[in-house]
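Counting from 25, one number per residue, gives the positions in the sequence shown under my numbering.
Since the structure comes first, as structure tokens, the remarks are kept for the end.
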Amino acid sequence: MPEPNSNKRNYTLLLSIAFIAIGTWKLYDKFVQEKEVESYQWILAAGLIVLGVYQLIGLRKK
25 MPEPNSNKRN
35 YTLLLSIAFI
45 AIGTWKLYDK
55 FVQEKEVESY
65 QWILAAGLIV
75 LGVYQLIGLR
85 KK
């Protein structure tokens, strides 16, 4: 039987990867493809990347 924290770890890992992917996609659109992206969108995208990395670091400490 898996540990109860195992489901939480998997869920956190999945969300972290999703946050990093979404943030990277928006920043890629702005800086590489030079598409018009609203200021709040790319600022939030950078925040998502930071949040995802922070969660991954937190998982590693547990």
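Beta carbons are placed, not taken as given, at the ideal position from N, Cα and C, and that holds for glycine.
Check	Outcome
Between the CA atoms of ALA42 and GLN65 - distance to the nearest angstrom	16 Å
Buried versus exposed, by CB contacts within 10 Å (16 or more), ALA69	buried
Exposed unless 16 or more other CB atoms sit within 10 angstroms - verdict on GLY71	exposed
As assigned by DSSP and simplified to three states, the class of LYS54	helix
Which listed residue (ASN34, ILE44, LYS85 and LEU39) has its alpha carbon closest to that of VAL74	ILE44
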